[in-house]
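For reference, the structure discussed in these notes is given below.
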Amino acid sequence: MMNKDQRIGGRIAEWGFRIVCLAAVIIPLLVLATLIVDVAIDGAQRLSWEFISSYPSRIPEQAGVLPALVGSLFVIALTGLLAIPIGVAAAVYLNEYGKNSWVANIIEINIANLAGVPSVVYGLLGLGLFVRFAGMGRSVLAAGCTLALLILPIVIMASREALRSVPGSLREASYGLGATKWETIRQVVLPMALPGILTGTILSISRAIGETAPLIVVGAVAYMTFLPDGLDSSFSVLPIQIYDWTTRPQPEFLINAAAGIVVLLSVMLLLNAAAILLRNKYQKRMY
Amino acid sequence: MSTTSTKLSVSDLDASYGDHQVLHSIDMDIPAKEVTALIGPSGCGKSTYLRCLNRMHELTTAATVNGTVQLDGADIYHDDIDPVLLRRHIGMVFQKPAPFPTWSIADNVLAGLKLTGGVPDNADEIVEKALKGAALWEEVKDKLDKPGTSLSGGQQQRLCIARAITVEPDVLLMDEPCSAIDPVATARVENLIHELGENYTIVVVTHNMQQAARISDKTAFLMMGELVEFDETSKLFSNPSKQETEDYITGKFG
């Protein structure tokens, strides 16, 4: 009656499905690993402290990524400073104050749509709004503002999701103790939502650091002979530098591009690692 | 049982969620420093009624209230009353224990003070007093810095009671405080409620009639959003004056 062999068909299906799922994990990882290894091998011969600390040059062996690296970090720092507070505040409004109102619903649908807009469109917006209209010029500030706009929808949606996961019973407990809405949000809701907010922010910052298209439009330059020295300074970023090298006629520059990609990936991984450590630190406080 | 003064005076109270009216003109005088139990079948409006007493009901979307509730003679629904400040006088303990997960046991006890502005210098004394008051001190005194959620369900509920009495309310509202914890823990919380009734005015919602009989001085029976009968607990359970009450407590329905 309960013999194992009776369900043999079901067991084969079970195994088949398991293998399909496993393949779905392994195949993309293999492709990714191949790409990274390939790039690392190509770039290895150029990777050195000198490559990281040198300025661009016409001679491939002497060219380095310093201005682009500093520019990337500068722009990303600005992006985070602008996008995170605004994004979290917007999410708090949508989830805690504007809940269920038709305004909030319309805003939310539009934010979801904005997250799907191609990044070059944000570049054009940044060019019109920040570079020209606001008179920021082709500056670090304009780039930071543009990328902040680009990742804002992601930050808002991730933060909103994190806030939504805070149980309503904790809000009620807080109100029941005579706390105001603001006291409740600041001391109960936000601390609990923080790990989730950080996760969303990490993902969006990672996306921003690899963006090329909007910064081409905003006016990043590929040949910087000095470091960006202020918000109004012109700038370069790593993806632009890499892109520029791949378009040069001399094949040696392709090696530079590969080495540049390794630097970009390393920066991204370092940022992610730092952010994940930070997140785990806050998560550990929760039990 | 001595006759005492009225703490909360409810008159002609209606409550609705949108078009759905849940409470129909409730009139009731809740005595000071006694335990009043609210019983009735599921959906009879007892939780809603409780939430009208500290103006938590109105936090729900489209919820409305009509009528008056007087705390020591002052209408809590008057325009001049700030519901946030009111809730510091009328505390609440919920069905599911909800200690703040990111906070330690001590911080949870002090939550009412921490949330609303400041912890006084004698915080340690306050924590000890509240935890003793909630019959939890002996169990947690050596791990006050541990998270509140590391405790068992019953301990968490007593922690929430400690948290509620730290702000020194006049009235404690409890919404089925034992329904999410085990029988042993329930017995401890029941004892606690009985003891707290000496110093606080307590209104407790319960779906468990034996519990109401054990812990309360007076009991109100609600059905379909109306107050059917409100009397001394001993009288209501032994000699109810309404047929519905008798049917309910003898288990004919509900």
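As given, the protein sequences belong to chains X and L, one line each in that order.
Its first residue numbered 1, the first sequence is counted upward by one per residue in the numbering used here.
Its first residue numbered 1001, the second sequence is counted upward by one per residue in the numbering used here.
All C-beta atoms, glycine included, are put in the ideal place defined by N, C-alpha and C.
Every value quoted in this text rests on a predicted model; they were computed, and no experiment measured them.
Leaving out five residues before and five after residue i in sequence, what residues of the same chain have Cβ atoms less than 6 Å from its Cβ?
| i | result |
| --- | --- |
| L:I1181 | G1153, G1154 and Q1157 |
| X:C145 | F130 |
| X:Y287 | Because X:Y287 sits at a pLDDT of 45, beneath the cut-off of 50, its placement in the model cannot be relied upon, and the point is left open. |
| X:A90 | I156 |
Need the endpoints of the alpha helix (DSSP H) that residue i sits in, please.
| i | result |
| --- | --- |
| X:I151 | V140 to R164 |
| L:H1024 | It is not in any alpha helix (DSSP H) - L:H1024 instead sits in the beta strand (DSSP E) that spans H1020 to P1031. |
| X:L227 | Unbroken run through X:L227: none, as it is neither H nor E. |
| L:K1046 | K1046 to C1052 |
| X:F51 | W49 to S53 |
| X:I197 | L190 to I209 |
| X:V121 | S119 to G126 |
| X:T184 | K181 to T184 |
| L:A1213 | M1209 to I1215 |
| X:V217 | A213 to V218 |
Near residue i, what residues of its chain come up, given a Cβ to Cβ distance below 7 Å and the 5 sequence neighbours on each side ignored?
| i | result |
| --- | --- |
| X:A104 | L94 and G98 |
| L:H1057 | A1015, T1048, R1051, A1063 and V1065 |
| L:A1162 | V1109, A1130, L1131, G1133, A1134 and L1136 |
| X:I111 | P153, I156 and M157 |
| L:K1146 | S1104 and I1105 |
| L:Q1210 | none |
| X:V237 | A68, G71, S72, V75, L215 and A220 |
| X:V39 | A258, I261 and V262 |
Can you tell me whether residue i is helix, strand or coil according to DSSP?
| i | result |
| --- | --- |
| L:V1140 | helix |
| L:I1081 | coil |
| X:P239 | helix |
| L:S1009 | strand |
| L:I1181 | coil |
| L:Q1070 | strand |
| X:R7 | helix |
| L:I1105 | helix |
| X:V65 | coil |
| L:V1167 | coil |
| L:A1268 | Residue 1268 of chain L cannot be examined here, being either before or after the span of chain L that is shown, 1001 to 1254. |
| L:T1064 | strand |
| X:A40 | helix |
| X:Y287 | In this prediction, X:Y287 has a pLDDT of 45, which is less than 50 and means its spatial position is unreliable; nothing more can be read from the coordinates. |
| X:E14 | helix |
| X:I59 | coil |
| L:P1255 | Here chain L has residues from 1001 to 1254 only, and residue 1255 of chain L is not among them. |
What residue does the beta strand (DSSP E) around residue i start on, and which one ends it?
| i | result |
| --- | --- |
| L:N1122 | Counting along the chain, L:N1122 falls outside any beta strand (DSSP E), and DSSP gives it neither H nor E. |
| X:N110 | No beta strand (DSSP E) contains X:N110, which is instead part of the alpha helix (DSSP H) from W102 to L114. |
| L:K1114 | Counting along the chain, L:K1114 falls outside any beta strand (DSSP E), though it belongs to the alpha helix (DSSP H) covering A1111 to L1115. |
| L:E1226 | E1226 to E1232 |
| L:K1218 | K1218 to M1223 |
Out of the options, which one is the CA nearest neighbour of residue i?
| i | options | result |
| --- | --- | --- |
| X:Q187 | X:R132, X:R171 and X:P249 | X:R171 |
| L:V1010 | L:P1097, L:G1018, L:D1072 and L:A1213 | L:D1072 |
| X:S266 | X:P56, X:L73 and X:L29 | X:L73 |
| X:G230 | X:S139, X:Y223, X:Q241 and X:A213 | X:S139 |
| L:P1041 | L:E1229, L:H1207 and L:K1242 | L:H1207 |
| X:A240 | X:S204, X:V221, X:G178 and X:E96 | One detail in the question is off: residue 240 of chain X reads as Ile in this sequence, not Ala. The candidate whose alpha carbon is nearest that of X:I240 is X:V221. |
| L:D1027 | L:E1246, L:D1079 and L:G1225 | L:G1225 |
| X:A142 | X:I12, X:W182, X:P153 and X:Y122 | X:Y122 |
| X:L198 | X:E161, X:I41 and X:K181 | X:E161 |
| L:A1213 | L:L1196, L:G1197, L:S1238 and L:F1253 | L:S1238 |
| X:S48 | X:V65, X:V39, X:R58 and X:A33 | X:V65 |
| L:E1232 | L:A1037, L:C1178 and L:S1005 | L:A1037 |
| L:L1053 | L:V1069, L:K1046 and L:V1184 | L:V1069 |
Exposed or buried, residue i, counting other C-beta atoms within 10 Å across all chains shown (16 or more means buried)?
| i | result |
| --- | --- |
| X:V131 | buried |
| L:T1061 | exposed |
| L:K1143 | exposed |
| L:D1217 | buried |
| X:A193 | buried |
| L:S1002 | At L:S1002 the pLDDT is 47, less than 50, meaning the model places this residue with poor confidence; the figure from the coordinates comes in the next sentence. Under this definition L:S1002 is an exposed residue. |
| X:G196 | buried |
| L:W1103 | buried |
| L:K1114 | buried |
| L:G1251 | exposed |
| X:L269 | exposed |
| X:T247 | exposed |
| X:Y223 | exposed |
| L:F1253 | exposed |
| X:S159 | buried |
| X:L277 | exposed |
Which residues in the same chain have their Cβ closer than 8 Å to the Cβ of residue i, if we skip the five residues on either side of it in sequence?
| i | result |
| --- | --- |
| L:K1007 | I1030, P1031, A1032, K1033, L1071, D1072, D1170, V1171 and T1201 |
| X:V31 | none |
| X:E183 | S174 |
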